[in-house]
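Asks: My questions all concern the structure below.
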Amino acid sequence: MPPNDLNDLNDHQPMSQSKLNMLKQITSPQNPFIKNTGLLVTKRREREAQGLFVAEGLRELELAFRNGFEAQAVLFDESVTRLAQVENLLEQAVVPPGEIVAVNNAVFEKIAYRTSVPNVVAVFKIKTTTPESLPLSGCPLVLVMEHIEKPGNLGAVLRTADAAGADAVFVCDPDVDVFNPNVVRASLGAIFTVPVVVSPPQETLDFLKQKGIRIFATWLEAAKPLYDCDLTQPAALVMGAESEGITPAWVAQSDERVIIPMSGQVDSLNVSASAAVALFEAVRQRRQKRI
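Numbering (the numbering used here), first residue to last: 3 to 293.
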């Protein structure tokens, strides 16, 4: 069983008085909690089994705390990151973290990607978002991603979705783990700001139709140019990986098939670039309509 109670770890030493109520210290890279955190960084099956994932970065964790994600523990290298920085960060937390742990550089190297700049690492509880729990706006704009293979692509898509003000991103039959640390890193914390729903394609289709959200499926054949589509109505933009595209069910049950017009000789865009083009075309149309 992974260690869940840091009070059980024998190399914890109380720190001096601080505004932080539960500040502790870990000095051994072989500490059971540190070893388990390392597993959460590298192993999808451990994240899924334990319902936990790891995120790092002052900016990323600030977004997580502001948006109600609950941290089991927050760790920092006290030789690089000042305690005051951690205290300022935790003032943003809607839900206070369970433990605050100061570590040395040898420990931090086991769990962090960036070790030479002010940085923090947190072990978060996975927060599951269902379609029914989505806080949709009056005119929803959602993105549906299918068969996304690379964590960096999904992270970039989430970052774009945040910038465009999308209501949600649906991930259907994901080949990539949504809580892979590379997704978190590439999203720059947008994974905490944009509701992400992991759901099967048919369940997602049924939800969108129930909510009256028109489905625009990106497709190469018999498709309407994106710029000629009315995206000012409730809209779901459906995209897949370049290698596979989207499954036929999306095409068959879509309201419109759309294509991004391209003038060059290359016949496809990276999926994150395609998502950016489509989302910001919807943003452009909606702003123009308000004018």
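Glycine is no exception: its CB is placed at the ideal position from the N, C-alpha and C atoms.
1. Determine the closest residue to residue 77 out of 213, 198, 163, 88, with distance taken between C-alpha atoms.
2. Bridge partners of residue 258, per DSSP?
3. Would you kindly report the start and end of the unbroken alpha helix (DSSP H) that includes residue 113?
4. With a threshold of 16 other CB atoms inside 10 Å of the CB of residue 286, please say whether the residue is buried or exposed.
5. Would you call residue 26 buried or exposed, if buried means 16 or more other Cβ atoms sit within 10 Å of its Cβ?
6. Which stretch, first to last residue, makes up the alpha helix (DSSP H) that contains residue 129?
7. Have a look at residue 50 and residue 253 and give me their C-alpha separation to the nearest angstrom.
8. Pick helix, strand or coil for residue 172, following the three-state DSSP scheme.
9. Is residue 186 near residue 62, with beta carbons less than 8 Å apart?
10. What residue from 143, 230, 154, 127 has the CA that sits closest to residue 48's CA?
11. Quick check: the stretch 141 to 159 against the stretch 183 to 197, are there 3 or more CB pairs under 8 Å?
12. What does the Cβ neighbour count give for residue 33, buried or exposed, with the cut at 16 atoms within 10 Å?
Replies: The relevant details are as follows:
1. Translated into positions along the sequence shown, residue 77 becomes position 75. Comparing Cα-Cα distances from residue 77 to each of 213, 198, 163, 88, the minimum goes to 88.
2. Residue numbering aside, residue 258 sits at position 256 when the sequence shown is read from its first letter. Beta bridge pairing from DSSP links residue 258 with 218.
3. Reading the sequence shown from its first residue, position 111 is the one you call residue 113. Residues 107 to 113.
4. Locating residue 286 in the sequence shown gives position 284, counting from the first residue. Around the beta carbon of residue 286, a 10 Å sphere encloses fewer than 16 other beta carbons of the protein chains shown; the residue is thus reported as exposed.
5. Taking the first residue of the sequence shown as position 1, residue 26 is located at position 24. Counting Cβ neighbours within 10 Å, residue 26 comes out buried, since at least 16 surround it.
6. Counting from 1 along the sequence shown, the entry for residue 129 is found at position 127. Note, residue 129: premise wrong, no alpha helix (DSSP H); not H, not E.
7. Within the sequence shown, the letter at position 48 stands for residue 50. Within the sequence shown, the letter at position 251 stands for residue 253. Each residue's Cα considered, the two are about 31 Å apart.
8. To locate residue 172, count along the sequence shown from 1; it is residue 170. When secondary structure is reduced to three states using DSSP, residue 172 falls in the strand class.
9. Locating residue 186 in the sequence shown gives position 184, counting from the first residue. Locating residue 62 in the sequence shown gives position 60, counting from the first residue. Going by C-beta atoms, residue 186 is nearer than 8 Å to residue 62.
10. Along the sequence shown, one-based indexing puts residue 48 at 46. Looking at the Cα atoms, 127 is the closest of the given residues.
11. Flag = yes, the stretch 141 to 159 and the stretch 183 to 197 touch.
12. Counting from 1 along the sequence shown, the entry for residue 33 is found at position 31. Residue 33 should be labelled buried.
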